[in-house]
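Heads up, the sequence shown is in the numbering used here, so the first residue is 4 and it goes up one at a time. For every residue, glycine included, the Cβ atom is placed at its ideal position computed from N, Cα and C. Here's the structure we're looking at; comments come further down.
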Amino acid sequence: MLRPRLKMRLGDLLEHEGIISASQLQQALLQQQSSGRKLGATLIELKFLTEVQLLQFLAQQLNVPFLDIAQKQIDPKAVQLLPEVQARRFRALVLEDHGSKVILGMSDPADLTALDQLAVLLAPRQIELVVVRESQLIEAFDSLYRRTKDIESFATQLKAEHGEDSRTDFSALDELNDADNTIVKLLQSIFEDAVQVKASDIHIEPDEKVLRIRQRVDGVLQENTLDQVSIASALVLRLKLMANLDISEKRLPQDGRFQINVKQHQIDVRISTMPVQHGESVVMRLLDQSAGLLHLEETGMPAPMLAKLRRIIQSPHGMILVTGPTGSGKTTTLYGVLSELNQPGSKIITVEDPVEYRLPRINQVQVNHKIGLTFGNVLRTTLRQDPDIIMVGEMRDQETAEMGLRGALTGHLVLSTLHTNDAVTSTLRLIDMGAAPYLVASALRAIVAQRLVRRLCDYCKQPYQPDELETNWLRHHRANSAATYWHAPGCQSCNHTGYKGRLGVFELLLITKPLADALRREDTAGFANLAHTSEGFTSLGSMALQYAQQGITSLDEVIRVSEYLDNEPDDMEQS
């Protein structure tokens with residue numbers, strides 16, 4: 004193997020070529036001494052140059068090709084030649100295996116110590132180096148070093164240990180209490196795989212002949228099937244034990260929660276079991292407590308809308324609603340608001356079912372219907388606890404809605420969620436639930452409606468011409484069919500889905516005096532017309548369409564978000 008060498012130190016070379024100045028080099032060296040990081044990473048962190056600039060420079064100096072692996076089809080078998088631990092340690096990935104030699108991608112090809120150890124690990128194959136971006140390498144590690152083989156291996160081992168009969172009474176097995184047994188390793192692999200791909204939920208579903216383990220990534224389920232369906236009852240039993248559920252009860256649904264540490268992440272798991280035809284289905288919601296709360300700036304809310312919302316949440320009293328279907332990010336937005344309001348001078352009480360994130364200084368109450376601790380009962384007590392701000396997890400019934408509205412009228416700022424399609428219909432839903440229109444008009448200050456759309460992969464997205472159906476949809480909604488729209492065919496970086504991550508699409512409706520007057524008159528048509536024509540109001544569909552025209556998301560995602568606007572074509576009108 005040819006060992007590439009730099010003729011001068013990296014910093015001196017960069018200064019000599021005029022890429023950085025002498026003062027920038029000295030500043031980076033001083034910071035490197037305190038942080039202990041490599042000079043290249045320090046220069047990128049200080050924004051003296053970009054990662055691509057640095058790597059292209061290194062590639063030129065070392066006479067090694069620079070490769071964009073996001074666009075490359077990587078051989079999964081070749082990847083396995085280098086163990087994951089070593090790949091992550093040396094920031095290296097085997098891209099191709101040609102028998103006598105391998106193509107090896109490294110983010111720092113000048114690291115001769117790492118190169119020597121990699122040569123030993125990959126012997127007798129020769130190494131042909133290419134330079135790749137470290138950020139792309141880390142993404143590739145997560146997508147290529149999956150736990151699928153481990154899961155299958157542990158499932159096979161568990162089936163061999165306990166036989167073919169799916170009716171085996173695993174509760175009689177003493178080894179379930181052993182931290183090192185097979186089922187614990189199997190569950191650990193399932194959780195590790197889910198955390199690695201940033202899944203929000205894990206579904207374990209026994210079928211007649213297979214056991215399905217599905218993960219929800221960016222709102223879409225990805226499926227893995229196991230032939231060892233007989234181990235399903237053992238998995239469910241272990242999970243019930245972890246959540247302190249009744250292991251003898253298999254005929255009724257149960258809910259619980261537990262915490263688990265996975266790959267330096269503290270995961271709060273909410274578990275729900277349900278009896279189905281071939282056993283019990285389990286769904287687990289994963290909440291990464293170590294990731295911290297999402298700040299409002301990170302939700303994707305446009306700056307002008309965010310500025311308006313920040314002014315509203317500083318109100319001493321009134322109600323603010325966040326609406327949307329399940330999984331639209333309502334709770335995340337509310338917690339972002341709470342984190343900004345969480346000051347020593349304000350008392351905040353939340354009433355939730357369940358408590359998703361634990362926040363310091365905030366009094367969080369978990370609703371428990373079994374003992375009569377309902378939203379209404381807790382709210383009644385909450386109002387006697389001298390709060391400044393109250394968050395109600397969800398407006399579910401007339402009692403909760405009326406108490407929340409009355410709390411907003413008696414000097415409290417009340418935050419809550421509601422399951423409605425958009426901001427305009429939220430007020431009507433409160434009235435339909437039995438809340439008096441004058442209460443809604445007097446207490447409500449603002450409504451935020453939101454959805455989550457999938458982001459197009461930045462590495463493989465490209466402009467395209469909408470097909471006939473999409474063009475007709477755009478014309479029907481009076482949108483600009485001649486604008487540039489984007490799609491993504493899929494690549495290594497996005498696991499060939501075309502999408503990577505999600506962002507929020509929002510609409511903000513401020514309840515002005517004319518809108519409040521329309522509510523008091525119970526003039527629903529007038530209220531809707533005033534809302535849609537109010538100054539600065541942008542509908543969900545319009546914002547989603549702007550994202551599509553900017554290449555942030557696809558037209559498919561816009562259509563999915565905007566389906567409910569089919570009877571309101573004016574809302575989608577674009578100039």
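Going along the chain, which residues of its own chain have a beta-carbon closer than 7 angstroms to the beta-carbon of residue i, five neighbours each way excluded?
i      : result
Gly259 : Ala246, Asn247, Leu248, Ile274
Asp153 : Ser192
Cys1   : The displayed coordinates of the chain run from 4 to 578. Any statement about residue 1 would go beyond what the structure contains.
Ser318 : Leu416, Arg448
Pro440 : Ile434, Leu522, Arg523, Glu525
Val67  : Pro7, Pro112, Leu132, Val133, Val134
Ile263 : Phe194, Ile270, Val272
Arg478 : Ser484
Gly594 : Because the chain is modelled from 4 through 578, residue 594 falls outside the range shown and cannot be assessed.
Thr336 : Thr302, Val325, Val451, Gln453
Lys253 : Pro278, Glu283
Please state if the CB of residue j and the CB of residue i are separated by a distance shorter than 9 angstroms.
i      : j      : result
Ser419 : Ile323 : yes
Lys104 : Arg136 : no
Ile130 : Leu98  : no
Val223 : Arg457 : yes
Asp114 : Phe93  : yes
Leu58  : Ile23  : no
Ser537 : Leu513 : yes
Leu255 : Ile207 : no
Leu13  : Leu42  : yes
Leu362 : Tyr338 : yes
Ala158 : Leu189 : yes
Asp204 : Val286 : yes
Leu506 : Leu455 : yes
Thr403 : Gly379 : yes
Phe60  : Glu20  : yes
Excluding the 5 residues preceding and the 5 following residue i in the sequence, name in chain order all residues of the same chain whose CB lies nearer than 8 angstroms to its CB.
i      : result
Leu147 : Ile77, Pro79, Val82, Leu96
His415 : His320, Leu386, Pro390, Asp391, Ile392, Ile393
Phe144 : Glu87, Ala90, Arg91, Leu96
Leu442 : Glu405, Leu408, Arg409, Leu412
Does residue i get closer than 9 angstroms to chain C when you measure Cβ to Cβ?
i     : result
Leu13 : Note that chain C does not occur in the displayed structure, where there is just one protein chain.
Closest to residue i by C-alpha separation, out of the options, would be which residue?
i      : options                        : result
Lys373 : Thr474, Gln257, Pro469         : Gln257
Gly348 : Ala202, Arg364, Thr423         : Arg364
Gln160 : Leu140, Val187, Trp476, Met304 : Val187
Ala482 : Cys460, Arg524, Val325, Ser565 : Ser565
Leu85  : Pro112, Leu57, Thr377, Val123  : Val123
Val134 : Asp400, Leu65, Leu125, Ser331  : Leu65
His535 : Leu548, Leu337, Leu511, Gly554 : Leu511
Gln401 : Gly437, Phe509, Arg432         : Gly437
Ala531 : Arg432, Ser203, Ala235         : Arg432
Gln280 : Gln269, Ala235, Lys311, Asp271 : Ala235
Arg314 : Arg219, Leu344, His479         : Leu344
Phe509 : Gly21, Ala452, His19           : Ala452
Thr228 : Glu54, Ser542, Thr151          : Thr151
Gln139 : Met109, Thr116, Arg563         : Met109
Val265 : Ala202, Gln30, Thr53, Leu312   : Ala202
Ser331 : Arg563, Asp210, Leu28          : Arg563
Tyr467 : Thr515, Ala551, Phe540         : Ala551
Ile141 : Ser37, Thr334, Leu121, Val200  : Val200
Any chance the CB of residue i is under 8 angstroms from a heavy atom of the ligand SAH?
i      : result
Gln346 : Absence of the ligand SAH is noted for the structure shown, with no ligands found whatsoever.
Go through its chain and collect everything with a Cβ distance to residue i's Cβ below 6 angstroms, but skip five positions before and after it.
i      : result
Asp172 : Annotation note: pLDDT 44 at Asp172 (below 50); position unreliable, no value reported.
Tyr462 : Ala73, Cys494, Ser496
Ser429 : Leu324, Thr326, Leu421, Thr423, Ile450
Thr474 : Ser484
Ser284 : Glu208, Met277
Val381 : Val354, Val368
Could you check how far apart the C-beta atoms of residue i and residue j are, in whole angstroms? I think they sit under 8 angstroms.
i      : j      : result
Leu299 : Val340 : 7 angstroms
Phe51  : Ala62  : About 19 angstroms; that fails the 8 angstroms criterion.
Arg217 : Glu226 : 5 angstroms
Leu290 : Glu359 : 6 angstroms
Leu49  : Gln29  : Between Gln29 and Leu49 the Cβ distance is about 11 angstroms, and since that is not below 8 angstroms, they are no contact.
Asp1   : Arg149 : With the chain represented from 4 up to 578, any question about residue 1 goes unanswered, as that position is not in the structure.
The stretch 494 to 503 touching the stretch 287 to 301, judged by at least three CB pairs closer than 8 angstroms: no
Validate contact between the stretch 390 to 408 and the stretch 348 to 368 using beta carbons, cut 8 angstroms, 3 pairs: yes
Three CB pairs or more closer than 8 angstroms across the stretch 519 to 537 and the stretch 433 to 447: yes
Sufficient close CB pairs (3 or more, under 8 angstroms) joining the stretch 470 to 489 to the stretch 550 to 562: yes
Contact the stretch 300 to 318 vs the stretch 422 to 435: 3+ CB pairs below 8 angstroms: no
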